[in-house]
Each structure stands twice: as C-alpha cells, then as structure tokens.
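*Asks:*
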Amino acid sequence: MKKVIWKPYWDFEREENWLNNMAAQGFALTRYTWCRYVFESCEKGEYIYRLELLDNMPGNPQSNEYLRFMEEAGVECVSTYLRWVYFRKKASEGAFELYTDIDSNINHCRRVNNFWFTLAVAELLIGFSNISIGLSNIDRIGLSYFNLPAGILLFVLGLFFFHLSWKMRKKIRQLLKKKTIRE
C-alpha cells in the first residue's frame, strides 16, 4: 500500500522522530520531495531513520564517497533533497546513530545552523530591499503594490529562519557544555 503525506518540517529531529513513528506503525519512507513524503507498507518497526545535512550537494564527489561508505556500512540512502539525506537501516541490525560522539553531532548542528542562518540573511536582505523599493515608489501605482507586501513576507520569512538558526545555536551551546563536562 502506498501512502503520500504532505507535511512541512523545519526541525530535522522532529522530522526524524516522526519518520521513526511512521515506521513503527508499518509505513516505510521511500521518497521525499519538498514537504511530500511517500510511504509503502512494511513490517511495524522494520526500519530506523536518520537525517543528515551534507557539506555539499549529493552529486558532489565527496558526498558520493560518503554515501557509498554508508551503503557499505549497511545504511540505505532512501532519498535526497538539496543537501538533506534520508537514511534508513533495518532495526533488526541494531542501533543506528549517525553521530556517535559529541564533536560530530556539534559539526552537524553547525551545518544546520549555517544553512538556516544563510537563508535568514538572504531573506532579510531581499525583504528589506523590497520594502525600501515599495516605500520609495509609494506614489507610483503598481510597483509598490508588489514590492511592499513581498518585502514584508520575505522579511517575516527571514525572521522565521533566524529563529530556527537561533534554536540550533542553543543546541550547539548545550552540546559544547556537555562536552566540557565530560572532559
């Protein structure tokens, strides 16, 4: 049985938990595109899912080498979207963690933080530019009707991405604190 669910996620850990809950209910992820998850029936709890943001796009030689390494380790790459990779492994093969040490977890969180921060800065700059254009052309009909609302929307989106970046920085600080306690 095939099942398609449209659902936006902004937090990769929540998304990962949701995918593992779906697997526990007997639905295995087979494909992902923007907010669209395709599932097929499987045995309940058959798979464990993990998500990772790569340093480079999946077509990059470094990324290809890493994906081959993961495949050799018995981890299946179910889907990729931009730099995100959706991995799964049979639950019967034991625990499945991508980050077995704090440093690798911190590095991944930094990649995610940089991703959100870059989007935030871009959206804020483009939004501010559109607001400026809209306000400077307020007396001219037409241009300000597009630029002003678009600018406000992009500015709000930029603030949202900045919030996601801030949450990831908070997690990084917690991991760094945990690391210093262990050392």
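Counting in the working numbering, the sequence shown runs from 11 upward without gaps.
We treat Cβ as the ideally placed atom computed from N, Cα and C, and that holds for glycine.
Bear in mind the structure is a predicted one, so any value in this text is a computation, not a measurement.
1. Quick one: residues in its chain with C-beta nearer than 8 angstroms to the C-beta of residue 59, no 5 flanking neighbours on either side, listed in chain order?
2. At what residues does the alpha helix (DSSP H) containing residue 130 begin and finish?
3. Report yes if the CB atom of residue 137 is closer than 9 angstroms to the CB atom of residue 174, and no otherwise.
4. What do you reckon, are the CB atoms on residue 50 and residue 13 nearer than 9 angstroms?
5. Tell me, which residues are paired with residue 60 by DSSP?
6. For residue 67, count neighbouring C-beta atoms within 10 Å of its own C-beta (all shown protein chains included) and say buried if the count is 16 or more, exposed if not.
7. Would the beta-carbon of residue 52 fall within 9 angstroms of that of residue 19?
8. Any idea if residue 75 is buried or exposed, counting beta-carbon neighbours within 10 angstroms, 16 or more meaning buried?
*Replies:* The structure says:
1. Your numbering for residue 59 matches position 49 in the sequence shown. Around residue 59: 26, 29, 30, 33, 39, 88, 96, 97 and 98.
2. Residue numbering aside, residue 130 sits at position 120 when the sequence shown is read from its first letter. Taken as a continuous stretch (DSSP letters only), the alpha helix (DSSP H) holding residue 130 covers 112-146.
3. Your numbering for residue 137 matches position 127 in the sequence shown. Your numbering for residue 174 matches position 164 in the sequence shown. By the CB criterion at 9 angstroms, residue 137 and residue 174 fall outside the cutoff.
4. Taking the first residue of the sequence shown as position 1, residue 50 is located at position 40. Taking the first residue of the sequence shown as position 1, residue 13 is located at position 3. Using a Cβ distance threshold of 9 angstroms, residue 50 and residue 13 count as a contacting pair.
5. Within the sequence shown, the letter at position 50 stands for residue 60. Answer is 97.
6. Translated into positions along the sequence shown, residue 67 becomes position 57. Exposed.
7. Here residue 52 refers to the residue found at position 42 of the sequence shown. Here residue 19 refers to the residue found at position 9 of the sequence shown. Their beta carbons are not under 9 angstroms apart, which means residue 52 does not touch residue 19 by this criterion.
8. Residue numbering aside, residue 75 sits at position 65 when the sequence shown is read from its first letter. Residue 75 is exposed by the Cβ-count criterion.
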